[in-house]
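K.L.:
Each residue of the sequence shown is one higher than the last, beginning at 1 in UniProt numbering. Okay, handing you the structure first.
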Amino acid sequence: MTQIPSTIVLAGNGLHGMAGTSLTLHVPSEGLPRIESMLLMPTSISASEQSPHMPAETGGVSGPQVIGAYLDHAQNPSVVPTQSEAWLGAPKLVLARDGVQLFPRFTVTELTNAQTWAHIEAVDEQCGVQLAIMISINEAGLILQHARLTNLIDDPLEVRSLLLSVPVPDSMTELQTCTGHHLRERHIERMPFTSGLHAKESWVGRTGFDSTTLLCAGTRDFSFERGRVMCAHVAWSGNTVHFAEKTPQCGSLLGGGEALYAGEVTLDNNEAYASPVLEVSLGNGLNEASERFRETVRLTHELRPRPVTLNTWEAVYYGQNEQTLLELADVAAQVGVERFVVDDGWFLGRRTDTAGLGDWQVDDAVWPNGLQALADHVHALGMEFGLWFEPEMINLDSELARSHPDWILSPDVTRLGLSGRDQYVLDMSRLDARNYIFNSLSAIIDDCGVDYIKWDHNRPVVEAVSLYSERPAVHAQTEAVYELIDALKQRYPQLEIESCASGGGRIDMAMLQRTDRVWASDCTDPMERVDIQRGTSLIVPQEMMGTHISASPNHATLRQTTLMTRIAMAFFGHLGVEWNLLQVPQEDLEKLTEWISLYKQQRGWMHEGNLVHADIDDAAVRVDGIVSQDGSHALYRYTVVSSSNTYPNGAIRFPGLTTGHRYLVRPFGGANQYLHEMSPSTRTEQPWWCDEGMVFDAALLTQWGIRPPQLAPEHAVLIECLDISNPQRGATTSHT
């Protein structure tokens, strides 16, 4: 127990040479704790060298003052600002009894803390509520906050909002969030941080295509490589709100939490509501701030080589039959595929998207020998076997819907509400429904030896009332899905699960903790994927981002691209194939085989490396890279998405290389691999663009840059940088 009031410092080191993080927290006796400062610590200072305690202060470093024409109390918001502490902005804690709003004033009753965490308990006995707040700094330097609200009396307590926040320094004058839609998810959007409330809410019952991903505040013109930034993420897979708020009286806040419907969370005596975790990262540039999220995800996953995956969706769609998929598996194994995934269409009555969801039994009409025959064949070829499910959904044309119509989330008993993709949402908050799904999936996993599940979710969750509880059910639905995934993982420890939601929905830190990869988008067009994957990489490690080589013309955009450009785009993630290889020319199969082999050679260091994005003023150009943890080798992708105003294209830089070292720079895989990517207007080549490459100082490569080859628009190439300063470094070679 620590004396109250008190001001304490939490501090944690960063991983892999990243700066550490410190947080100064003032805990008063009256009111809730407030964050006085959040700082990056130099790597030369360890967390243990930070002072664990400071004398109790009444003012703190932010210097709150009482001013005229407002309240006789200094305005200095806590982590959950309330009006009782003179907060005059939008309410963050909204509680009600019998429809009447409460205005609690908390008294801190307990403070326990250590070097990296603090636990605070506060109570308002008059309102009959207790609030516990946990603040910590994890191994990656990410600041984590969550709260637990308990009803202390017999009168039911409705929780309408519980949002957590952190203060933002005045120097951070710009905001960044994400927008998007199906086939164009997570595109970065910038705006000034002006006075008032900027709230990005998601009410689709899952993390949406346009969800915030990271809500960032930063200094003017902050970017991937420069500027001080602070980024917030609500780790929740249901309805969410992220907010940035600036008031004239007390500065700026960044924060968020769960978005709740009226009556969705009502607590009886001694019942509690736990908020999602608000995760906050600091960084010099978005590259550093994002790396803390990616490393946090890695902390919960045991890294193993990511199997090259073939998914059958764009190969056959609903035209599944045993012979075709047996032949496709044979070719997949020949080109080096290590995991074969059968997508939608294998189960009872599923010939189109209008029927079958909920009936998770093998359809004998499609599989007269059972699905196990294909699974055995796949395993005999040395590949893992994966299968598509959409456990949370139900079609009206299904045995499950006919047997249990009350298992469908509906606005009321008189109507079903709107369909989406001809399907409805199964009420997973019901234990009987959840047990049915768990047992159905388990039976298929056992019968076929399923190694991998592609877990889909293909519609928004709206008008979602449980006919069992008679309450809005998005909160309960989200918790039930977590419980189901956790139960499957516990029963099948080696089972891997991919989260997919109409392509690139439901990508958040809570789902990333439970699943082994995400599908970034149903659009596999490399010219669309380059920015989709950039936005996704704000929190997702590259080894957990599904990136597949598909057909040309692309099935979503009809754009034609070269095979090499499609390979280059897929190389920067968990590589796979989304293509009917039975129809691919032999020349392309040979190239695919060669590059899958190259990918396997590189994936060890690439899938634990630091992902970086270069700042490029040219809107037609993207430079993305992966740098090994020891800096000995790096791979960059240079993409020209459209015609540039610069002709030829300007110099490109390679961020992340080790200062003071020298690097051999050359086309990855050999210059001849990229003949079809070059602009037909090119008259001469750059001298370094050859198999032998050229050696440059890291300072030149990171600060000034070198001129790239002149690519035709809508093409991409891969460039490797090998450290030659130390003979034990940079030993990786790409040339065959």
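Note that CB positions come from ideal geometry on N, CA and C, so glycine has one too.
Once the 5 residues before and after Ala140 are set aside, which same chain residues still bring their CB inside 6 Å of it?
P.N.:
Only Leu15, Arg292, Glu295, Thr296 meet the Cβ criterion.
K.L.:
Which same chain residues end up closer than 6 Å to Gln3 when comparing Cβ atoms and leaving out the 5 residues on each side of it in sequence?
P.N.:
Result list for Gln3: empty, nothing under 6 Å.
K.L.:
What are the partner residues of Ala122, as DSSP defines its beta bridges?
P.N.:
DSSP lists Val108, Leu131 as partners of Ala122.
K.L.:
By the three-class DSSP mapping on this structure, what secondary structure does Ile616 have?
P.N.:
Ile616: coil per DSSP, three-state reduction.
K.L.:
By the DSSP assignment, the beta strand (DSSP E) with residue 814 in it spans what residues?
P.N.:
Outside the displayed span of the chain (1 to 736) sits residue 814, for which this structure offers no information.
K.L.:
With a Cβ-Cβ cutoff of 8 Å, do Glu496 and Asp456 count as a contact?
P.N.:
Result no, Cβ atoms of Glu496 and Asp456 do not sit closer than 8 Å.
K.L.:
Just checking my contact of Leu325 with Leu374 at CB under 8 Å: how many whole Å lie between their CB atoms?
P.N.:
About 6 Å separates the two Cβ atoms, so the contact holds.
K.L.:
Can you tell which of Ala716, Ala671, Val665, Gln673 has the C-alpha that lies nearest to the C-alpha of Asp723?
P.N.:
If we check each option's Cα against that of Asp723, Val665 comes out closest.
K.L.:
Going by beta carbon distance, what residues of the same chain come within less than 6 Å of residue 752, once the five residues before and after it are set aside?
P.N.:
Any property of residue 752 remains undetermined from this structure, which presents the chain solely from 1 to 736.
K.L.:
For Met383 and Ala333, which I take to be in contact (beta-carbon distance under 8 Å), what is that distance rounded to the nearest angstrom?
P.N.:
At roughly 6 Å, the Cβ-Cβ gap stays under 8 Å, so Met383 and Ala333 are in contact.
K.L.:
Could you tell me the alpha carbon to alpha carbon distance between Leu282 and Cys231, rounded to whole angstroms?
P.N.:
Spanning the two alpha carbons is a distance of roughly 7 Å.
K.L.:
Using the C-alpha atoms, what's the distance from Leu93 back to Thr112?
P.N.:
If you take the alpha carbons of Thr112 and Leu93, they lie about 23 Å apart.
K.L.:
Considering Cα atoms alone, identify which of Leu558, Thr658, Val530 is closest to Phe571.
P.N.:
Cα-wise, what sits closest to Phe571 is Val530.
K.L.:
Which residue from Asp98, Ala132, Trp87, Ala96 puts its Cα closest to that of Thr107?
P.N.:
Closest option to Thr107, Cα to Cα, is Ala132.
K.L.:
Is Cys448 helix, strand or coil when you go by DSSP?
P.N.:
Three-state DSSP puts Cys448 in a helix.
K.L.:
Going by C-alpha distance, which of Gly89, Ile67, Leu157 is nearest Leu102?
P.N.:
Of the candidates Gly89, Ile67, Leu157, the one whose C-alpha sits nearest the C-alpha of Leu102 is Leu157.
K.L.:
Taking the alpha carbon of Gly255 as the point to measure from, which residue in Leu214, Gly670, Trp313 has its own alpha carbon closest?
P.N.:
With distances taken between Cα atoms, Gly255 lies closest to Leu214.
K.L.:
How about Leu488 and Phe438: do their beta carbons lie closer than 8 Å?
P.N.:
Contact flag set, yes.
K.L.:
In the DSSP assignment, find the unbroken alpha helix (DSSP H) run with Ala510 in it and report its ends.
P.N.:
Taken as a continuous stretch (DSSP letters only), the alpha helix (DSSP H) holding Ala510 covers 509-514.
K.L.:
Using CA atoms only, rank isn't needed, just tell me which of Thr207, Arg206, Gly227, Gly208 is closest to Cys216.
P.N.:
Nearest option by C-alpha distance: Gly227.
K.L.:
Where Asn76 and Ser597 are concerned, what is the direct C-alpha to C-alpha distance, given to the nearest angstrom?
P.N.:
Going from the Cα of Asn76 to the Cα of Ser597 covers about 58 Å.
K.L.:
Spatial neighbours of Pro5 within its chain, please: CB distance less than 7 Å, with the 5 preceding and 5 following residues excluded, ordered by chain position.
P.N.:
Closer than 7 Å at Cβ, skipping near neighbours: Val27, Pro28, Ser29, Ala56.
K.L.:
Which one of Asp344, Val241, Glu685, Leu152 has the shortest CA to CA distance from Trp388?
P.N.:
When each option's Cα is compared against that of Trp388, the closest is Asp344.
K.L.:
What separation, rounded to the nearest whole angstrom, lies between the Cα atoms of Val337 and Met18?
P.N.:
In a straight line, the C-alpha of Val337 is about 35 Å away from that of Met18.
K.L.:
Should Ile137 and Gly12 be called a contact, given that it needs their Cβ atoms to be closer than 8 Å?
P.N.:
Taking 8 Å as the Cβ cut-off, Ile137 and Gly12 qualify as a contacting pair.
K.L.:
Considering only their Cβ atoms, is the gap separating His198 from Leu175 smaller than 8 Å?
P.N.:
In contact: Leu175 and His198 (Cβ atoms closer than 8 Å).
K.L.:
Let me know if Trp704 comes out buried or exposed under the rule of 16 or more other beta-carbons within 10 Å of its beta-carbon.
P.N.:
With fewer than 16 Cβ atoms within 10 Å of its Cβ, Trp704 is classed as exposed.
K.L.:
Exposed or buried, what is Leu418 when buried is set at 16 or more other beta-carbons lying within 10 Å of its beta-carbon?
P.N.:
Looking at its Cβ environment, which holds fewer than 16 other Cβ atoms inside 10 Å, Leu418 is exposed.
K.L.:
Please classify Asp124 as buried or exposed, where buried requires at least 16 other C-beta atoms within 10 Å of its C-beta.
P.N.:
Buried, since its Cβ has 16 or more Cβ neighbours within 10 Å.
K.L.:
Spatial neighbours of Ala476 within its chain, please: C-beta separation below 6 Å, excluding the five flanking residues on both sides.
P.N.:
The answer, listed in chain order, is Ser429.
K.L.:
Would Ala501 be called buried (16 or more neighbouring beta carbons within 10 Å of its own) or exposed?
P.N.:
Buried, since its Cβ has 16 or more Cβ neighbours within 10 Å.
K.L.:
Run the CB neighbour count on Pro541, radius 10 Å, all protein chains shown included, and call it buried at 16 or more, exposed below.
P.N.:
Pro541 is buried by the Cβ-count criterion.
K.L.:
Take the Cβ of Leu10 as the centre, count every other Cβ of all protein chains shown within 10 Å, and call the residue buried at 16 or more, exposed below.
P.N.:
By the neighbour-count rule (16 or more Cβ atoms within 10 Å), Leu10 is buried.
K.L.:
Does the segment 551-566 come within contact of the segment 648-662, defined as at least 3 CB pairs closer than 8 Å?
P.N.:
Short answer: they don't touch.
K.L.:
Please determine, among Ser466, Arg459, Tyr261, the residue with the shortest C-alpha to C-alpha distance to Glu201.
P.N.:
It is Tyr261.
K.L.:
Distance, Cα to Cα, Leu675 vs Arg421?
P.N.:
For Leu675 and Arg421, the distance between alpha carbons rounds to 43 Å.
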